[in-house]
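Please read the structure below before turning to the comments.
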Amino acid sequence: MSVNSNHPVLNALEAQLRELRLRYAHHPSEHNRYQLVRLERLITEWAPGSFGLN
Numbered sequence: 002m003s004v005n006s007n008h009p010v011l012n013a014l015e016a017q018l019r020e021l022r023l024r025y026a027h028h029p030s031e032h033n034r035y036q037l038v039r040l041e042r043l044i045t046e047w048a049p050g051s052f053g054l055n
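In the numbering used here, the protein residues as written are 2 to 55.
Here it is, written out as structure tokens:
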């Protein structure tokens, strides 16, 4: 079962992902990379098939 693309939790996670990607782009560090990968994994586990490479 996939999560609706306009689900509020999914929207919040995707907004956080965009912010982390920007942070990592401007300040590449192990800590920022770890947070980015951790959130990407959370999204794929919570909403399989909803994760895009936007």
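Just so you know, even glycine gets a beta-carbon here, dropped at the ideal spot from N, CA and C.
This one's a predicted model, so the numbers in the text were calculated from it and none came from an experiment.
Looking at the structure shown, is residue i part of a helix, part of a strand, or coil, going by DSSP?
i: Ala16; result: helix
i: His32; result: helix
i: Val10; result: helix
i: Val38; result: helix
i: Ala26; result: helix
Looking at residue i: is its Cβ nearer than 8 Å to the Cβ of residue j?
i: Glu46; j: Leu18; result: no
i: Ala48; j: Leu11; result: yes
i: Leu43; j: Leu14; result: yes
i: Asn33; j: Arg24; result: yes
I need the straight-line Cα distance from residue i to residue j, nearest angstrom please.
i: Asn5; j: Tyr35; result: 27 Å
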